[in-house]
Amino acid sequence: MIFQKIKKIISPLKNSIVLQNLFLVSFITFLIKGLGFYKETMVAANFGLSEVLDTFFIAILVPTFINNVFLGAYRSVFVPNYISELKNNGNKGSFQSTSFLITIVLGIIFMIIAYLTTDVFLEQIYPSHDNDYYNLVKEQFYIMLPCVMFWGLASLLGGLLNIANEYRLSTFANIFTPVTVIVCLTFFKELMGTNVLALGTLLGSFLSLLYLYIIAVRKKILFFDLPDFQNKNIQILFKQIPAKVSSGLLTGLNPVIDQFFAAQLIIGSIAAINYGLKIPAFFAGLVTIAISNVLLPYFSNSIHNDRKKAFANLFKALKIVFGSVSVLALAGVFWSEEIVSLLFERKEFTSKDSQIVSSIQQVFLIYLPFAISGMLMVNFLTSINKNSIMAYTALVALGINFLLDYILMQYYGILGIAFSTTVVAILKNTFTFFYIYNIKKKEIATA
20 MIFQKIKKII
30 SPLKNSIVLQ
40 NLFLVSFITF
50 LIKGLGFYKE
60 TMVAANFGLS
70 EVLDTFFIAI
80 LVPTFINNVF
90 LGAYRSVFVP
100 NYISELKNNG
110 NKGSFQSTSF
120 LITIVLGIIF
130 MIIAYLTTDV
140 FLEQIYPSHD
150 NDYYNLVKEQ
160 FYIMLPCVMF
170 WGLASLLGGL
180 LNIANEYRLS
190 TFANIFTPVT
200 VIVCLTFFKE
210 LMGTNVLALG
220 TLLGSFLSLL
230 YLYIIAVRKK
240 ILFFDLPDFQ
250 NKNIQILFKQ
260 IPAKVSSGLL
270 TGLNPVIDQF
280 FAAQLIIGSI
290 AAINYGLKIP
300 AFFAGLVTIA
310 ISNVLLPYFS
320 NSIHNDRKKA
330 FANLFKALKI
340 VFGSVSVLAL
350 AGVFWSEEIV
360 SLLFERKEFT
370 SKDSQIVSSI
380 QQVFLIYLPF
390 AISGMLMVNF
400 LTSINKNSIM
410 AYTALVALGI
420 NFLLDYILMQ
430 YYGILGIAFS
440 TTVVAILKNT
450 FTFFYIYNIK
460 KKEIATA
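20 is the number of the first residue of the sequence shown in my numbering; add one for each residue after it.
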């Protein structure tokens, strides 16, 4: 009887292409993230909570910020509107050409801005350090600056592959950076010196772009025509970009604010908060990549086909995701110190470091169910071009985070910053849930 019930539940899942793609992407991402985690253990063993690691995290912050906020935002609004162009039998070659041109221009502009403002940024955000510290940051930053362009183009190519249901091939692109960093640390650490992490990251991002380009050519999904900025869907895309960029910008400022306050504390605090995020980020990244790669195109298609069913599927997915991730997060909180000790405690990473990182990690794990559910909701809102509300929510969340960081740091130090991030994530994603729920209620009432 029990087996029949289980079979009844599993049978529909076996026939669901969406779930099969989610599990496939999740499995591949798990393997790649596992390799990435091994890379982090090597970094921890080689650098501990040191100044070199602090400066690397600062150096990579701006390129990552530009990619996530500006270029990542463009990729997000590109997917649903490109699908709309395909549904209406539009000019996909012109749409692609316009999108690649915009990505390249944005990449160049922001790379120039970042290069010209580096000195001011460092001295204002991370004051009271000597010239050697700033020079170490800038040296690594200049090496990784081209990653902005590589990541932006790779993101667009990955989006095209996902739309073409090539999830497996696009997901494999994430393997190159951890591999190159591991190789550089193993064989070239002495040669590359303090720039070993930056050079490994640069090489990995370039190889990832090259791989995606080769796959896209072989799958014949690239179509180029004269750019058309008057295209209807391009116009809709342009209207959504400011809201999406604003949302990403304000959200992306939260780690900057956290690192700003962490920099006011003892050396190693920035590294500690980053290591406290490693395991939550591992699982968040695992699920988020699957959600973004598979569900954004899925939601964008289903909204065109059956809007009511799309809302129903979203809320069903939220129940499953929140419940399962909550169980995982609670287990992580309980065994936090053992996990950190097992993964990182060797050579320069001491037992004292494990205790500090473990406490930070426990706080971050609490918000994991809310953060992952939030990514699901963000992708849904993007698919229906409701990006403006996310900008307003992100603005309020940024203000709360700044205020709580300042207050809680006075009482709890680096742990206070983690408390602030967790509280903000819970509040922000709870509000987003009720916003989508109200949209659903209004649509049912007017149906």
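Every residue gets a Cβ at the ideal spot worked out from N, C-alpha and C, and that includes glycine.
Alpha-carbon spacing of residue i relative to residue j, whole angstroms
i: L387; j: Y230; result: 32 Å
i: T401; j: F207; result: 43 Å
i: L361; j: Q249; result: 56 Å
i: F341; j: A303; result: 12 Å
i: A291; j: I379; result: 8 Å
i: N184; j: G435; result: 43 Å
i: L284; j: M428; result: 9 Å
i: F389; j: L422; result: 21 Å
i: K177; j: I419; result: Checking the sequence shown, residue 177 turns out to be Gly, not Lys. Approximately 34 Å, taken between the alpha carbons.
i: F169; j: V215; result: 19 Å
i: I132; j: L164; result: 11 Å
i: L241; j: M396; result: 30 Å
i: D151; j: N398; result: 42 Å
i: M61; j: L105; result: 45 Å
i: S370; j: I234; result: 45 Å
i: Q115; j: K405; result: 23 Å
i: F129; j: R187; result: 31 Å
i: K447; j: A262; result: 17 Å
i: L180; j: Y430; result: 48 Å
i: S343; j: G55; result: 23 Å
i: S345; j: K335; result: 16 Å
i: L218; j: K461; result: 52 Å
i: F22; j: E59; result: Low local confidence applies: a pLDDT of 41 at F22 is under 50, so the model's placement there is unreliable, with the coordinate-based value given in what follows. If you take the alpha carbons of F22 and E59, they lie about 42 Å apart.
i: S392; j: L349; result: 16 Å
i: L337; j: I79; result: 32 Å
i: T451; j: F279; result: 27 Å
i: N34; j: I339; result: Residue confidence is low: N34 scores 48 on pLDDT, short of 50, so the model does not pin down where it sits. Its coordinate-derived value is still stated next. Looking at the two C-alpha atoms, the distance is approximately 18 Å.
i: I144; j: V236; result: 43 Å
i: Q259; j: G212; result: 44 Å
i: S266; j: A437; result: 21 Å
i: A444; j: D424; result: 13 Å
i: F75; j: G351; result: 27 Å
i: I65; j: N108; result: Note that residue 65 is Asn in the sequence shown, not Ile. Whole-angstrom Cα-Cα distance: 54 Å.
i: A63; j: N87; result: 25 Å
i: V198; j: T205; result: 11 Å
i: N110; j: T190; result: 27 Å
i: F368; j: T440; result: 25 Å
i: S407; j: R326; result: 20 Å
i: V200; j: L210; result: 14 Å
i: V71; j: C203; result: 16 Å
i: N154; j: K328; result: 55 Å
i: F353; j: G223; result: 35 Å
i: T449; j: F49; result: 27 Å
Spatial neighbours of residue i in its chain, beta-carbon cut-off 6 Å, leaving aside the 5 residues before and after
i: I194; result: I51
i: F330; result: K459
i: E77; result: According to the sequence displayed, residue 77 carries Ile and not Glu. V156.
i: S355; result: S377, Q380, Q381
i: P81; result: Reading the sequence as shown, one finds Val at residue 81 and not Pro. The answer, listed in chain order, is A133.
i: S547; result: Lying before the first or after the last residue shown, residue 547 is absent from the chain, which here runs from 20 to 466.
i: P299; result: F383, L384, L387
i: F84; result: G271
i: Y294; result: V376
i: A92; result: K263, V264, G267
i: N457; result: none
Cut-off 8 Å between Cβ atoms - residues of its own chain near residue i, not counting five sequence neighbours on either side
i: L269; result: A410, A413, L414, A416, L417
i: S113; result: D244, L245, P246, D247, N250
i: T117; result: P246, D247, F248, N250, I253
i: L347; result: F302, L387
i: I433; result: A281, L284, S288, A291, I292, I375, I379
i: V238; result: At residue 238 the sequence reads Lys, which differs from the Val that was named. Hits under 8 Å: L180, A183, E185, L188.
7 Å Cβ shell around residue i - same chain, five flanking residues per side excluded
i: L256; result: V96, F97, N100
i: F225; result: F169
i: K24; result: Bear in mind that a pLDDT of 44 at K24, under 50, signals an unreliable position, so the model cannot answer this.
i: L221; result: I162, M163, P165, C166
i: L296; result: F383
Next on the checklist: With three or more beta-carbon pairs closer than 8 Å as the criterion, would you say the segment 130 to 141 touches the segment 155 to 162?
Outcome noted: yes
Item to check | Touch test, the segment 350 to 365 against the segment 274 to 283, Cβ-Cβ under 8 Å, three pairs minimum | outcome: no
Item to check | Length at least 3, wholly inside the segment 120 to 148: the beta strand (DSSP E) runs in chain order | outcome: none
Item to check | Ordered list of alpha helix (DSSP H) runs contained in the segment 172 to 202, each at least 4 residues | outcome: 186 to 190
Item to check | Ordered list of alpha helix (DSSP H) runs contained in the segment 357 to 420, each at least 4 residues | outcome: 370 to 385, 387 to 402
Checklist entry - Taking only runs of the alpha helix (DSSP H) that begin and end inside the segment 47 to 101, which ones reach a length of at least 4 residues, in chain order? => result 70 to 85
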